[in-house]
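Residue numbers (our numbering), protein chains in the order written: chain A, 1 to 448; chain B, 1001 to 1862.
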């Protein structure tokens, strides 16, 4: 008699041999004191910068801080400025979809978003996300589809813009008392399962145990959430200090809104609610919030410069410079907050890598080479900070009549790209990312 | 008889499985010699390497530690890790014999642990079954809603077996949590809390709007109209039906082929809308209604009076409902419901969407303080358009001939709390005179729990749920909230989540309720309906006659498609079709390649993945011979697939049976979906195809390749080493036979890899660049050494022998696994033989086979 073909998996399980532990949900309770968590924060500012001013002239440790970077003077030793990095795609105002995905197929079609690929933050969150309450935090002033995070299927991870909502979720607010009801429900079903145990056969008991284990795990989570709420009720976070009502569409509230969002990100990191954060500050192009400071309209100023030499368009470049300085002031406040919080033998910034930059360089012609980027903190992850690193032989652009600064450099197959930087960050977060985007190597220059 | 010949032929390759009594004898005859020759030298009494010894008597594999050791040994043998390098290797046949013995012994031991032969552990509902159960228990039905609620639960797919295989299912906390979330969300739809639903209604008569705009437009002098193809929509305000409600704003948006062009306006019939491939961006042709607030809950109902304008030989229009976002670039619509419109005379179509279940960017909608409801035409082309002779890129939209959707009028409404007796009396009974809240809750819970548990609820169980209700009331919650909490608890209790079949050490028959449950989940993937429950109550379902009658009734219903869909999807790995990298088909150069081709591609993949399910359903309903699944002169296709295969189909969109073309007479074997799923979009897909056929059509399990050898997929080898291109595919594959550890499996796989040599990776006949058919050689050998010279001989060999043919035997094993909800063990062989004999007596059809399985002993006993 020929044997019935038995699948190789089936008898493994049926015989009770466990060759791999099933995935169990874990959540933030008491984090093991031995390991300080590693964190990554990605802050995206659209529309490019005043490229005549942004990049430093010399490389290495002793470069001179340019005007927008002067806001970060106190943190000089703790961040690295990059020159010469870019993505293969030149997406124009579709820059949000390319910045963290390195999606080479992206075109600058207005409106239509072509099929995307996973962004580096979601790639990291897929692995480390289960260690915290939230796998990742995705926020932005415009929010919704104006996001820089894309999941494995290429769908955008909708960004939250509602400050009050983020705060409520952070403190575990439960206005309808759903948690208590859920606890009673779980109590009842586990007693039902316990009653059934005697009536079923031996093999079934193992299955019912799986069910009971699941119920207990969900119960533990509910209890942890209730405890979390109680902890926050004891004024650990002063809600009044946060301007949760700031409206990003009112110019007077711009700074408050961004600062509050950064504060919420800080709180999420400090409470270990998450270890991966993306902040798509606002949408690209002309519409949306945070585009209209008193000095002038951001998008219009960018186009008005026509990417000409600075002496030809002083007023428009001055407007761009004001925006750049405004944004780095917001960043400086956030980094300062991280620096002032002690953790382990260092500070919170020591174990948090913060990538800040834009998906565009020259605003008028929507160039995307030599992107303005900087990486702060994360020394605990292995980053050596405090320098200006220029890749692919990039030199600071000099004003000229032939618009040489707009020519994207011809790069060979061994060129360094922004994908390499993203991959390095991921690998420093202990998540391998070989071949991410067009990455060919990690940036050893950053980690020596 | 063919069966014993087949068995005899296999003796060379596999061990003839001994009866239990000969287990030890076999060990001594087959396994011990190999151990003595190759293993005991290092793994013997003196200083055993790794602490592992193989010099003992026949092992008892009921001990998990012993099993672990032997399974590891088996794996190391298969992957060539043992014997280590430098030592003499056993031959492929010796290896196979020993590995088979280990597998067999482990399987037998596993069965003992499980409680005996033919028994199964507790079976949990699959995601699809659970979602359907929730809907039926709560009396909810949204037939047109797109969006699969099953995606809210973590995937329940299990490698190499069906998701209903109780022996392999694992329950995790995340599943429980999400199930509870889903149950609560659906309860909120069935029993909305008072005050959460604000009713509203808007009626839009597009005919009068069209008549007015057209009149105004045509009244304008010719000179003023220059360049405009039709009137603009202007400012059309739709008043609310209720007094004092805020008015909504009607909009019509369109791309180059705007719906407001004169040729799309008919003052008598309404507005005609061209199809849209995309859902993002402003260039959609759609009718929109901007509701000036965002509803919080309830079921939105949209009644549309529409018709199909079938001017061209192309697909019928599809009426799609979406919720949109803010205007401007990046404008995104989230589809929530759709229905195909085939009738050419105007009819009413009703689309219902529970708002809490619609996956949209609700946060952004609330920020905008309005909900944009869009109606458009989502029909995908039947086939990409060929380039005409005189192609003028400026006039390209005139070449894309599609059928339009005619919209006469529509009404958007949201009801308040349901009136009594509502659909939801299914969940909560109406109050009786003089009855207090708790008595009503108890009465309602008794009815609800009895339906949910699929058998009358015990008093003790009922009391526990009533206590929960009572405690909720004591904590200050209202009647409805308290009741809903108890109902939510019921929906995640083990009695609902699992098929509970209390059993003793001795084997015994199932109760009538349990049979009704098994039958319902088999044929309809959902909880038993009223009639099945009644047959369970009176016990008649235990009789052969009634069981037969009920099976026939269930199969005749349209819900039986769910059964064939689930079975074929997993058996033939059809989910993978959606993820294959290049476009599925790229015929002659097309206009507007990017969107039209992408749109067509999605639609054709969906149809290809559904085709096997339709064929199987047709075979079941009409009791066609089992072998007709692989040797048929007909295909079951819809209009798009008919175009794909090049067969003529009478007008209409449904799936129908037509004569097969010459090269598609292999049933499932010649379906493009199966071939594409098998080939996995690889240029040199022979090995993948071979594995697919061997595993899924011949029922032989093939282990994964060893991990310690540097193996590259054939395509990668071709890309790296150009000299390999000089070899034919057959020569390329020959390398496998030279290495014993590879040959073990590959001598069975490779010879089948060329069966589909005449088809490319998309399941279409292979053609060269000019479009001429390419010569091919589909000869090969079956694992039992029978040879065939071409595809039709292969088909004949597979189908030879009626219900004892190679295909029928493998198919019945697969189907029985699915029917029983557990993997098969050696005790089932005898039952399968009985089943096949009974089916043969009953005509040898697929339905007869299924019936015999349902009437078999393992299905009706526990």
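Cβ atoms here follow ideal geometry from the backbone N, Cα and C, with glycine treated the same way. Bear in mind that the values here come from a model prediction, so they are computed numbers and not experimental data.
Scanning its chain for C-beta atoms nearer than 6 angstroms, with the 5 sequence neighbours on each side dropped, one finds around residue 1856 of chain B the residues 1831 and 1835, in chain order. By the Cβ rule, the stretch 189-196 of chain A does not count as touching the stretch 1136-1150 of chain B, because fewer than three pairs are nearer than 8 angstroms.
Scanning chain B for C-beta atoms nearer than 8 angstroms to the C-beta of residue 320 of chain A yields nothing, as the closest lies near 23 angstroms away.
For residue 1562 of chain B, same chain residues with a beta-carbon under 7 angstroms away, outside a window of 5 residues either side, are 1524 and 1525 in chain order.
Neighbourhood of residue 168 of chain A in chain B, by CB distance below 8 angstroms: empty, with the nearest CB roughly 13 angstroms away. For the 7 angstroms CB-CB criterion, residue 1520 of chain B and residue 1499 of chain B do not form a contact. In summary, the residues of the stretch 1479-1513 of chain B whose CB is separated from some CB of chain A by less than 9 angstroms are 1481, 1485, 1486, 1488, 1489, 1490, 1492, 1493, 1494, 1495, 1497, 1498, 1500, 1501, 1502, 1503, 1504 and 1505, in the order they occur in the chain. Straight through space, the alpha carbons of residue 165 of chain A and residue 1365 of chain B are spaced by roughly 15 angstroms. With a cut-off of 8 angstroms on Cβ pairs, the stretch 1662-1669 of chain B is not in contact with the stretch 1734-1743 of chain B, counting fewer than three such pairs. Under DSSP, residue 1238 of chain B takes part in a beta bridge, and its partners are B:1248. Contact between the stretch 331-344 of chain A and the stretch 259-268 of chain A is established, with three or more Cβ pairs separated by less than 8 angstroms. Listed along chain B, no residue sits closer than 7 angstroms to residue 225 of chain A by beta-carbon distance, the nearest being about 11 angstroms off. Per the coordinates, the alpha-carbon of residue 1840 of chain B lies some 24 angstroms from the alpha-carbon of residue 1541 of chain B. Taking a contact as a CB-CB distance under 8 angstroms, the pair residue 440 of chain A and residue 382 of chain A does not count as one, their CB atoms being some 20 angstroms apart. When 7 angstroms is used as the limit between beta carbons, residue 211 of chain A is near these residues of chain B: 1171 and 1494, in chain order.
Of all residues in the stretch 183-197 of chain A, only 184, 185, 188, 189, 191, 192, 193 and 196 come within less than 7 angstroms of chain B when Cβ atoms are compared, listed by chain position. Within the stretch 1173-1200 of chain B, 1173, 1174, 1175, 1176, 1177 and 1180 place their CB atoms closer than 8 angstroms to a CB of chain A, listed in sequence order. CA-CA distance, residue 1566 of chain B to residue 1156 of chain B, rounds to 13 angstroms. Each of A:172, A:88, A:65 and A:40 was checked against the Cα of residue 124 of chain A, and the nearest Cα belongs to A:40. For residue 1322 of chain B, the enclosing beta strand (DSSP E) stretches over residues 1318-1324. Listed in chain order, the non-local C-beta contacts of residue 1198 of chain B below 7 angstroms within the same chain comprise 1295, local neighbours out to five positions each way being set aside. By the criterion of at least three beta-carbon pairs nearer than 8 angstroms, the stretch 1217-1228 of chain B is not in contact with the stretch 1272-1288 of chain B.
Between the C-alpha atoms of residue 1578 of chain B and residue 298 of chain A there is a straight-line separation of about 43 angstroms. Between residue 1838 of chain B and residue 1627 of chain B, the C-beta spacing is not below 7 angstroms. Judged by DSSP in its simplified three-state form, residue 1351 of chain B adopts strand. Of the residues assessed, residue 202 of chain A falls on the exposed side of the cut-off, its CB having fewer than 16 other CB atoms within 10 angstroms. Comparing alpha-carbon positions, the option among B:1466, B:1502 and B:1477 lying closest to residue 1486 of chain B turns out to be B:1466.
If you look at residue 105 of chain A, you'll find it isn't in any beta strand (DSSP E); DSSP assigns it neither H nor E. For the 7 angstroms CB-CB criterion, residue 49 of chain A and residue 372 of chain A form a contact. Taken through DSSP and simplified to helix, strand or coil, residue 1497 of chain B comes out as helix. Per DSSP, the unbroken alpha helix (DSSP H) holding residue 302 of chain A starts and ends at 298-304. Taking 8 angstroms as the Cβ-Cβ cut-off, the stretch 1437-1461 of chain B approaches chain A at 1460 and 1461, given in chain order. Among the residues of the stretch 243-256 of chain A, none has a Cβ less than 7 angstroms away from any Cβ of chain B. Between the stretch 211-229 of chain A and the stretch 167-177 of chain A there are three or more inter-stretch CB-CB distances shorter than 8 angstroms, so the stretches are counted as touching. For the stretch 140-171 of chain A, residues whose beta-carbon sits nearer than 8 angstroms to a beta-carbon of chain B comprise 143, 144, 145, 146, 158, 160, 161, 162 and 165. Not one beta carbon of chain B lies nearer than 7 angstroms to the beta carbon of residue 264 of chain A.
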